[in-house]
Amino acid sequence: MTRELNDQELRRREELDHLIQHGVNPYPYTFDKTHDATAILTNFKDEAPEEFKTVAIAGRIMALRRMGKASFCHIQDASGRIQAYLRTGDIPNYDDFKLYDIGDIVGVKGYVFRTKMGEISVHATELTLLCKSLAPIPIAKEVEDDAGNKVMYDAFADKELRYRQRYKDLVVNPQIRDTFVKRSKIITAMRRYFDDRGWLEVETPILQPLYGGALARPFTTHHNSLDTTLYLRIADELYLKRLIVGGFEGVYEISKNFRNEGMDKTHNPEFTMMEIYVAYKDVYWMMEMVENLLEHIAQTALATTDVTIGKHTVSLKPPFRRLPLLESIQEYTGKDISGMDAAALHIVAKELGIEVEPKATAGKIIDEIFSEKVEHHLIQPTYITDYPLEMSPLAKKHRSKEGLTERFELFINGQEFANAYSELNDPIDQRNRLEEQSRFRAGGDDEAMTLDEDFLHALEIGMPPTSGLGIGIDRLVMLLTNQDSIRDVLFFPQMKRLEA
RNA sequence: GACCCCGUAGCUCAGCGGUAGAGCAUUUGACUUUUAAUCAAAGGGCCGAUGGUUCGAGACCAUCCGGGGUCACCA
-15 MTRELNDQEL RRREELDHLI QHGVNPYPYT FDKTHDATAI LTNFKDEAPE
35 EFKTVAIAGR IMALRRMGKA SFCHIQDASG RIQAYLRTGD IPNYDDFKLY
85 DIGDIVGVKG YVFRTKMGEI SVHATELTLL CKSLAPIPIA KEVEDDAGNK
135 VMYDAFADKE LRYRQRYKDL VVNPQIRDTF VKRSKIITAM RRYFDDRGWL
185 EVETPILQPL YGGALARPFT THHNSLDTTL YLRIADELYL KRLIVGGFEG
235 VYEISKNFRN EGMDKTHNPE FTMMEIYVAY KDVYWMMEMV ENLLEHIAQT
285 ALATTDVTIG KHTVSLKPPF RRLPLLESIQ EYTGKDISGM DAAALHIVAK
335 ELGIEVEPKA TAGKIIDEIF SEKVEHHLIQ PTYITDYPLE MSPLAKKHRS
385 KEGLTERFEL FINGQEFANA YSELNDPIDQ RNRLEEQSRF RAGGDDEAMT
435 LDEDFLHALE IGMPPTSGLG IGIDRLVMLL TNQDSIRDVL FFPQMKRLEA
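In this text, residue positions in the first sequence follow my numbering: the first is -15, and each later residue adds one.
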C-alpha cells in the first residue's frame, strides 16, 4: 500500500537523494562513539579542557539553529542532550549539513568547549550522517520562565499517538524513559533477591491445553499440526507446582499472562506476573519474605522506602500490618460477619447498601463487601489474611480456623498487589475443591477453574509443604513510579486496531 | 457494556452557521558563539468517516470509527 507523502516527507526524500549524489552513505554501518552526552556535561572542567580534546558523540538532532556559516544543534543520546557547534571551514562537509534535519542521527567528533553563553558544547571537527530520518518528529521545546518554572511548547501530548507510536514518544519525551528504566531496575532487583537465595528462574508453557491457577477468561488459539485447542496461560501456578513435585525447592517465573477481559487503567490483556514457590514454607514465612523483598526493591530502584503515589506516601518498611479479612470488614463496617451463612450475609450486604446477585454464595458476598467497604482504605501496606475456603480453591485449609484458608493478599494504595497461600498439597482435598469449581462452572460461572487431571496426578506423587506467591509486576511498577495508568508502564499497551 | 468529553496543518491548539486560522516545525533569503536564536517572505488542510438539516456545515442532527475519563465487568 502506498500512501501520499506530505511536503515534509517529500522534501526529506529529496535531501536523501542529494546526499547520495554527493557520495554520502545515509545509512552507514558503525560509528565509534567515545562519550555519552551527560558524561561530558558532568565531567568537563573549564580549567582542564584538554581532557576532552577529542570526543565522539552520536545521537539524534533535536534542535537546529543555523546562522549561515555556522550552526548549533542539540544532539540527544540515551543519556541526555548536548550541544554541538558546526562551523564552515572546520568540517569539510558543512554544505551537506544543510541537507540534515531535525530527527537525523549523526556522529560528531570534536573538542569540548564552553560557549560565550556558558553552555558546554562539542566543537565539531568531523560530522558523519548515521541515519537520515524521512518522517518528521514533533518538536518539543522547553524553556524556563522568569519564575524558573519549566514551560513546554508543542509537547507531543496526544495519548493515543504516544501509545501507538511509543518510539516517537520516547524520542520526543525522553523523560518517560525514566519510568521504563525503573521498571527494568525493579525487575532486576527482584530477580537478584531470588537468585541470591538460591531459587531457580524457570520457564513454563504459555500455550497450555488446559488453563488454570486463576479465575479468568482465557485467550483461545489452535494448533494446526496437533489439531487441538490451546489456551494462552492465565497463570503459571499449576506448572510451577509440578516442578516443586519434581524436587526443586524454590522456583520462580517472571512472565506474561493473558486474560481475555476488560481493559482499563489497571488492566491490560497481557500483563507481567511474578510467581514463586518455595518448598517447606508456609504463608507466614511468605509474609516476611514479601515485606523484605519490597523493601529491597524500593531501596535498590528508588533508594528509599517512602513511596509517593498520587496523594499518598506509602512506607514499604517492614513489618506490614496483618489483618484477617473478617476483622477488616468489622473494622470498616462495624459488622461482625464471622460464622454467617449466605442468607445472613445477604441481609448484611443489603444493610450496607451493597447490591449482590440473589444466587451469590457466601464467599462472593464477603468479597463484595470487602471490595466496596474496605479495599480503598488500605493505603499503607496491609496483609489481608484468612480468606474463606470457597474463595481459595488452591490454598491449604487454615490450621486452626474452621472454613478459612492460609492465604493473604497484600493491599497497597487501595489495590491488590500480591496473593499468596500455604499451597494445598493434599491431593484428595484438592480434587474435591476442583470438583466443586466444576460445579460452579456447570452452574454458569465461566471463570471457575477447570479440573486438570495431570496436575492432580502430580499432587498424588506428592508435593512437599510449599508456599506460593504471585505479584503483579505492572502494578508494582506503577506504585514505584507514581503512575496511575498501566499504559504508562507498558511500552506498547494494547490498542484497538486502526482500519486501513 | 453505559454515560460524559475529544478528533481541524508534521506537533500543540483556536474557530461553534457565511471565502479554513495562530504558534512552533517546513521552504527561500540574510546572519561564523546561538539558546523558544533573530529578521524578511512563502508553501502546507477531503476540518476522523458516512448520511441528513440548511441557500450555505469544520460548526447543527444521526450513525459509525478511533481516543481519554467515570462507572460496570474483572470473586
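Beta carbons are placed, not taken as given, at the ideal position from N, Cα and C, and that holds for glycine.
Quiz prompt | Counted within 10 angstroms of its Cβ, other Cβ atoms place H2 as buried (16 or more) or exposed | solution = The sequence position of residue 2 within the first sequence is 18, counting from 1. Exposed is the call here.
Exercise. Quick one: using the 10 Å Cβ neighbour count with 16 as the cut-off for buried, is N(-10) buried or exposed?
Key: Position 6 of the first sequence holds residue -10. Under this definition N(-10) is an exposed residue.
Practice problem: My understanding is that P302 touches E279, with C-beta atoms under 8 Å, so please give their C-beta distance in whole angstroms. | Solution: By one-based count along the first sequence, residue 302 stands at place 318. By one-based count along the first sequence, residue 279 stands at place 295. Sure, about 6 Å apart at Cβ, within 8 Å.
Practice problem: Please classify R485: does DSSP put it in a helix, a strand, or coil? | Solution: Any question about residue 485 goes unanswered here, given that the chain covers just -15 to 484.
Self-check item: Those runs of the beta strand (DSSP E) which lie wholly inside the region 344 to 408 and span at least 3 residues
Solution: 366 to 369, 391 to 396 and 399 to 406
Quiz item: At a cut of 8 Å, does the region 385 to 403 reach the region 326 to 337 through at least three beta carbon pairs?
Solution: no
Quiz item: Which whole-angstrom value describes the C-beta separation of R217 and I190, a residue pair presumed to lie in contact below a C-beta threshold of 8 Å?
Solution: The residue given as residue 217 occupies position 233 in the first sequence. The residue given as residue 190 occupies position 206 in the first sequence. About 5 Å; that satisfies the 8 Å criterion.
Quiz item: From M258 to I238, what does the alpha carbon distance come to, in whole angstroms?
Solution: By 1-based counting over the first sequence, the position of residue 258 is 274. By 1-based counting over the first sequence, the position of residue 238 is 254. Near 4 Å, if we compare the C-alpha coordinates of I238 and M258.
Exercise. Return the Cβ separation of P372 and G347 in integer angstroms, given the expectation that the two are a contact with Cβ distance under 8 Å.
Key: On the first sequence, position 388 is the one that residue 372 refers to. On the first sequence, position 363 is the one that residue 347 refers to. Confirmed, about 5 Å.
Quiz prompt | S299, DSSP secondary structure in three states | solution = Position 315 of the first sequence, counted from the first residue, corresponds to residue 299. Three-state DSSP puts S299 in a strand.
Quiz item: Do P10 and L0 have their C-beta atoms within less than 8 Å of each other?
Solution: Your numbering for residue 10 matches position 26 in the first sequence. Your numbering for residue 0 matches position 16 in the first sequence. Yes, these two residues count as a Cβ contact at 8 Å.
Quiz item: Helix, strand or coil: how does DSSP classify T18 here?
Solution: To locate residue 18, count along the first sequence from 1; it is residue 34. Coil at T18, not helix or strand.
Self-check item: Residue of N252, A54, Y236 and K265 minimising C-alpha distance to N409
Solution: Here residue 409 corresponds to residue number 425 of the first sequence, with the count starting at 1. Looking at the Cα atoms, K265 is the closest of the given residues.
Quiz item: Cα separation between I412 and E444?
Solution: One-based indexing of the first sequence puts residue 412 at position 428. One-based indexing of the first sequence puts residue 444 at position 460. Near 8 Å, if we compare the C-alpha coordinates of E444 and I412.
Quiz item: CA-CA distance, Q314 and E272?
Solution: Here residue 314 refers to the residue found at position 330 when the first sequence is read from its first residue. Here residue 272 refers to the residue found at position 288 when the first sequence is read from its first residue. If you take the alpha carbons of Q314 and E272, they lie about 25 Å apart.
Quiz item: Looking at the structure shown, is L474 part of a helix, part of a strand, or coil, going by DSSP?
Solution: What you label residue 474 is simply residue 490 of the first sequence in a count that begins at 1. Three-state DSSP puts L474 in coil, outside helix and strand.
Quiz item: By DSSP, does R98 sit in helix, in strand, or in coil?
Solution: Locating residue 98 in the first sequence gives position 114, counting from the first residue. If DSSP states are grouped into helix, strand and coil, R98 belongs with the strands.
Quiz item: Are there three or more Cβ pairs, one per stretch, closer than 8 Å when the region 60 to 78 is compared with the region 105 to 120?
Solution: yes
Exercise. Could you name the residues of the same chain whose beta carbon sits closer than 7 Å to that of E103, not counting the 5 residues immediately before and after it, in chain order?
Key: Here residue 103 is taken as the residue at index 119 of the first sequence, counted from 1. These residues qualify, in order along the chain: Q67.
Quiz item: Is it true that the region 166 to 174 meets the region 449 to 468, where meeting means three or more beta-carbon pairs spaced less than 8 Å apart?
Solution: yes
Quiz item: What is the rounded straight-line gap between the Cα of I281 and the Cα of P12?
Solution: Taking the first residue of the first sequence as position 1, residue 281 is located at position 297. Taking the first residue of the first sequence as position 1, residue 12 is located at position 28. Roughly 41 Å separates the two Cα atoms.
Self-check item: Nearest-angstrom Cβ-Cβ length linking Y405 and V186, presumed shorter than 8 Å
Solution: Position 421 of the first sequence, counted from the first residue, corresponds to residue 405. Position 202 of the first sequence, counted from the first residue, corresponds to residue 186. Their Cβ separation, rounded to whole angstroms, is 19 Å, which puts Y405 and V186 out of contact at 8 Å.
Exercise. Have a look at the DSSP bridge pairing and note the partners of P308.
Key: Taking the first sequence and counting its residues from 1, one reaches residue 308 at position 324. Answer is T369, bridged to P308.
Self-check item: Three-state secondary structure assigned by DSSP to N241
Solution: The sequence position of residue 241 within the first sequence is 257, counting from 1. Strand at N241.
Quiz item: Secondary structure at L435, three-state DSSP: helix, strand or coil?
Solution: By 1-based counting over the first sequence, the position of residue 435 is 451. Residue state, collapsed to three classes: coil.
Quiz item: Do you know offhand how far I353's Cα is from E437's?
Solution: Position 369 of the first sequence holds residue 353. Position 453 of the first sequence holds residue 437. C-alpha separation (whole angstroms): 34 Å.
Self-check item: Coarse secondary structure for K92, derived from DSSP in three states
Solution: Here residue 92 refers to the residue found at position 108 when the first sequence is read from its first residue. In the sequence as presented, Lys is not what sits at residue 92; that position holds Val. Strand.
Quiz item: Around the Cβ of N403, are there at least 16 other Cβ atoms within 10 angstroms (buried) or fewer (exposed)?
Solution: Counting from one through the first sequence, the residue named residue 403 turns up at place 419. Buried, since its Cβ has 16 or more Cβ neighbours within 10 Å.
Exercise. With a cut-off of 8 Å on the beta carbons, I'd call H330 and I349 a contact; round off their distance for me.
Key: By 1-based counting over the first sequence, the position of residue 330 is 346. By 1-based counting over the first sequence, the position of residue 349 is 365. Going by Cβ atoms, the distance from H330 to I349 rounds to 7 Å, so yes, they are a contact pair.
Practice problem: Alpha carbon to alpha carbon, how far is M375 from E359? Give it in angstroms, no decimals. | Solution: Against the first sequence, residue 359 aligns to sequence position 375. Against the first sequence, residue 375 aligns to sequence position 391. Rounded to whole angstroms, E359 to M375 spans 17 Å at the Cα level.
Quiz prompt | Nonlocal neighbours in the same chain, by C-beta distance under 7 Å from F232, ignoring five residues either side | solution = Counted from its first residue, the first sequence places residue 232 at position 248. Hits under 7 Å: L184.
Self-check item: C-alpha distance - A532 paired with L435, whole-angstrom precision
Solution: Nothing about residue 532 can be reported from this structure: the residues present for the chain run from -15 to 484 only.
Exercise. State the Cα-Cα distance for the pair L25 and R49, rounded to the nearest angstrom.
Key: Reading the first sequence from its first residue, position 41 is the one you call residue 25. Reading the first sequence from its first residue, position 65 is the one you call residue 49. Taking the straight line from one Cα to the other gives about 20 Å.
Quiz item: When you compare only the Cα positions, how much space is there between K381 and S63?
Solution: Looking up residue 381 in the first sequence gives position 397. Looking up residue 63 in the first sequence gives position 79. Their backbone Cα atoms lie some 53 Å apart in a straight line.
Quiz prompt | 3 or more residues per run - each beta strand (DSSP E) lying fully within the region 32 to 113 | solution = 39 to 50, 54 to 60, 65 to 71 and 89 to 98
Exercise. Can you have a look at D61 and say buried or exposed, based on whether 16 or more other CB atoms are within 10 angstroms of its CB?
Key: Residue numbering aside, residue 61 sits at position 77 when the first sequence is read from its first letter. That one is buried.
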